[in-house]
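Inspection log for the structure reproduced underneath, given as structure tokens.
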Amino acid sequence: MRTITFAQALVEAQREEMERNEGVFIMGEDVGYSGGTFGATLGLWEKFGPERVRDTPISEAAIMGAAVGAAMAGMHPVVDMQYLEFLPYIDALVNLAAKLHLMSGGQICIPVVLRGPLGAKGGNGAQHSQYFESWFVNTPGLYVAMPSNPYDAKGLLKSAIRGKNPVVFIEDKTIYFTQGDVPEEEYTVPFGQADIKRIGKDVTIVATGITVGRALKAARFLSKEGVEAEVVDPRTLVPLDIETILQSVRKTHHVVVAHQAPKTGGFGAEIVAQIQELEFDELDAPVVRVAGLDVPAPYNVELEKKANVYEEDIIAGVRQVLEGAH
Amino acid sequence: MDAINNEIAIWLYRKMVEIRCFEEATLPYFQKPGHGSHHPCIGNEAIESAIGAVLRTEDYLFSSHRSHGHLLTKGLEPKYMAAELWGKVTGYCHGRGGSMHVTDWSKRVMPSGIVGTNITMATGVGLAIKLQHGTEVALVAFGDGAVNCGAFHEGLNMASAWHLPVIFVCENNGLAVSTHLKDSTSVKRLSERAAAYSMPAWDVDGTDTIASYVALSEAIEYTRKNSSPTFVVASVKRWKGHSSWDKGSYLTEAEIAEISEKDPIPPYRRLLIKEKILSREDVEAIDAEMEKVMVEAIQFAEESPAPALTKDEAVRYAYA
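First to last, the sequence lines map onto chains A and B.
Under our numbering, think of the first position of the first sequence as 991, with each following residue one higher.
Under our numbering, think of the first position of the second sequence as -5, with each following residue one higher.
What follows is the structure in structure tokens.
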């Protein structure tokens, strides 16, 4: 088993899928010669050429609309959105990609993957430091993936590219250089299958994206105090594997849901709602949400950290849920 | 009339009448509650029948909210279109799409109700054709309201910079719902915008059937030969209000009088009779035939079943 970075995992996934299917191509800003702002397409332009690894103008509305059109004509575009915060793409994503299958009565499929970084990188300012995955979750017709490590990133991206539905593939801005074990052999990770990243019996921590790593750090700290946390990573927000989460709830009876996105209307609210709808009697305390503050990201790096979620916040959340027994 | 052969000349007339009859037959149903909206293309029959005549079966056509003429010109059948407008399972989209989203994708025609989205979709199809080394073209029809949209500028620039086989056709009726072109647009002649994107442009009277056919033929030949985009601006008059719920109360009497002089069908009919391509009896027979087709289409729509009112049916087709 070798260790590679999250970015390298994305490169491998795209390279393998482009070798497998001539219809797969990449387009985005600075994906060619530059290999992408975070190296997510490094080496692909050299291998596949400028037609299939295509640098675009700064035209996010056209990039996304064109990806939809190309998909309708039989291609499998992977749109590299330099920053998912560059929002002009959202019209074509929501009004075309998410809806054409339904509006056409099932005639048209839009196998487009929109992938890119989302979130704070430290001092980039409010516009470049957002977490709005819940918008996509609340848009029927879209699949949403949010891998937390290189193994899941590669497997999920391969599945996304092979699938028939439009996928928003969200990568945290600080995740590209994190490392993990990834097999040499071909594999995929299915959508709609959560993963238990750490087994525990005292509390369930459901976390997404970059928060998974911070939850694992929190879990290691809590273990020294005799609290064993089970960390559940949904991996895909849509479709959501609620059953794996509920199995954990039945075991621990105490739940913390953690994410970077602002608390109000964040994806955590959906998980909490489903848990209490489906397994209310298994809960020994109200579910605790540990989430970002409801503010556009302040520029000051330390203040921005205060608005986000780190190990300390998750530890505090676990203590709160264990004390909140009813 | 030298420009086209009799077969095409007759096809154009039949298509114009088909479009007119479909719109006139279906529109009244949308002016009472119970259906969605209907954006009639009455007045656009010349340019829209010409679009169908110049495109091959394998070419792609994108349209806007004002879609029915484009759907018919690409070969969709009135009865399944009506069934879709009526929201029935027998409709092309099983009642899921409605007036602005009817498609038979095997005929490669698709409208979109959000202004500008059709333009970037067409650009994308052009990109696919190029990557597939195909010989097809994509034609997208939109109104004058779309030319101030970001997606218009992005789509035209991308098609031009990347040399994509796309024909951009603006059906210019001078009105975006209630807003007049002259109050909203920085150029007087819309075709000037083509130069900004390094593409050739044609200005044509979109109510003149033959002129429309000639202009579109030239544009499509240029695009096919050079695999690069073209821009056609066809002047038309919007015959009714913007949609089934809009009566055009903002139009002046002078504007309304102007509109009524630009019905494309009578002059073309007179031309065909004068050139002895069709007799008066032929013309009357075609008109009667199309009216009958629409009566049957609406009957089919009325008698067709609606989707079952279950939750399963309500969520069907959300995901592939």
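A virtual CB, placed ideally from N, CA and C, is assigned to each residue, including glycine.
Within chain B, partners of residue i - CB distance below 9 Å
i: residue 1124 of chain A; result: The contacting residues do not exist; residue 1124 of chain A stays about 18 Å from chain B at best.
Chain A residues whose Cβ lies nearer than 7 Å to that of residue i
i: residue 148 of chain B; result: 1049, 1051, 1052
i: residue 152 of chain B; result: 1047, 1049, 1052, 1056
i: residue 62 of chain B; result: Here the premise fails: no neighbours, minimum Cβ distance about 16 Å.
i: residue 108 of chain B; result: 1081, 1085
i: residue 129 of chain B; result: Here the premise fails: no neighbours, minimum Cβ distance about 13 Å.
i: residue 179 of chain B; result: The premise fails here: residue 179 of chain B is roughly 19 Å from chain A at the closest Cβ pair, so nothing lies under 7 Å.
9 Å Cβ cutoff, residue i in contact with chain A
i: residue 293 of chain B; result: no
i: residue 51 of chain B; result: no
i: residue 118 of chain B; result: yes
i: residue 221 of chain B; result: no
i: residue 58 of chain B; result: no
i: residue 191 of chain B; result: no
i: residue 164 of chain B; result: no
i: residue 115 of chain B; result: yes
i: residue 90 of chain B; result: yes
i: residue 306 of chain B; result: no
i: residue 81 of chain B; result: no
i: residue 144 of chain B; result: yes
i: residue 157 of chain B; result: no
i: residue 298 of chain B; result: no
i: residue 100 of chain B; result: yes
i: residue 132 of chain B; result: yes
i: residue 111 of chain B; result: yes
i: residue 288 of chain B; result: no
Beta-carbon proximity list for residue i, same chain, < 6 Å, skipping 5 on both sides
i: residue 12 of chain B; result: 66, 284
i: residue 188 of chain B; result: 195, 225
i: residue 149 of chain B; result: 113, 114, 117
i: residue 1231 of chain A; result: 1182, 1183, 1184
i: residue 1042 of chain A; result: 1015
i: residue 52 of chain B; result: 130
i: residue 199 of chain B; result: 205, 229
i: residue 1126 of chain A; result: 1132, 1134, 1158
i: residue 1139 of chain A; result: 1170
i: residue 1163 of chain A; result: 1107, 1109, 1111
i: residue 236 of chain B; result: 171
Own chain residues within Cβ distance below 7 Å of residue i, not counting five before or after
i: residue 1212 of chain A; result: 1219, 1305, 1308
i: residue 184 of chain B; result: 138, 141, 164, 166, 227
i: residue 234 of chain B; result: 34, 36, 242
Neighbouring residues, chain B, relative to residue i (Cβ below 7 Å)
i: residue 1018 of chain A; result: Chain B residues near residue 1018 of chain A: none, gap ~13 Å exceeds 7 Å.
Cutoff 9 Å: residue i Cβ touching any chain B Cβ
i: residue 1046 of chain A; result: yes
i: residue 1042 of chain A; result: yes
i: residue 1155 of chain A; result: yes
i: residue 1064 of chain A; result: yes
i: residue 1067 of chain A; result: yes
Chain-ordered chain B contacts of residue i [CB-CB under 8 Å]
i: residue 1131 of chain A; result: 312, 313
i: residue 1060 of chain A; result: 118, 119, 121, 122, 125
Cβ distance (whole Å) where residue i is taken to contact residue j below 8 Å
i: residue 1257 of chain A; j: residue 1244 of chain A; result: Residue 1257 of chain A to residue 1244 of chain A, Cβ: 20 Å. No contact.
i: residue 1135 of chain A; j: residue 1000 of chain A; result: With a Cβ gap of about 12 Å, residue 1135 of chain A and residue 1000 of chain A do not count as contacting.
i: residue 1063 of chain A; j: residue 295 of chain B; result: About 30 Å separates the two Cβ atoms, so there is no contact after all.
i: residue 102 of chain B; j: residue 311 of chain B; result: 20 Å between Cβ atoms; not a contact.
i: residue 1195 of chain A; j: residue 1246 of chain A; result: 5 Å
i: residue 86 of chain B; j: residue 1095 of chain A; result: 7 Å
i: residue 308 of chain B; j: residue 1155 of chain A; result: The pair is not a contact, with the Cβ atoms about 19 Å apart (cut-off 8 Å).
i: residue 1297 of chain A; j: residue 1116 of chain A; result: So it is not a contact: roughly 10 Å between Cβ atoms.
Cross-chain neighbours of residue i in chain A, by beta carbon under 9 Å
i: residue 137 of chain B; result: The contacting residues do not exist; residue 137 of chain B stays about 17 Å from chain A at best.
i: residue 45 of chain B; result: Near residue 45 of chain B there are no residues of chain A at all, since even the closest Cβ is about 18 Å away, more than 9 Å.
i: residue 86 of chain B; result: 1094, 1095, 1097
i: residue 97 of chain B; result: 1090, 1093, 1094, 1095, 1097, 1098
Neighbourhood of residue i by C-beta distance below 8 Å, restricted to the same chain and skipping five residues each side
i: residue 207 of chain B; result: -3, -2, 2, 6, 44, 47, 48
i: residue 1191 of chain A; result: 1218, 1220, 1241, 1242
i: residue 1268 of chain A; result: 1232, 1236
i: residue 1077 of chain A; result: 1050
i: residue 1222 of chain A; result: 1184, 1185, 1186, 1187, 1194, 1195, 1196, 1197, 1234, 1235, 1238
i: residue 179 of chain B; result: 138, 141, 142
Listed by chain order, chain A residues near residue i by CB distance under 8 Å
i: residue 76 of chain B; result: Near residue 76 of chain B there are no residues of chain A at all, since even the closest Cβ is about 15 Å away, more than 8 Å.
Would you list, in chain order, the members of the stretch 14 to 36 of chain B that have their beta-carbon closer than 7 Å to a beta-carbon of chain A? none
Looking at chain B, which residues of the stretch 1079 to 1111 of chain A have a Cβ within less than 7 Å of any of its Cβ atoms? 1081, 1082, 1085, 1086, 1091, 1092, 1093, 1094, 1095, 1096, 1097, 1098, 1099
Counting only Cβ-Cβ distances shorter than 7 Å, please list the residues of the stretch 1005 to 1029 of chain A near chain B, keeping chain order. 1015
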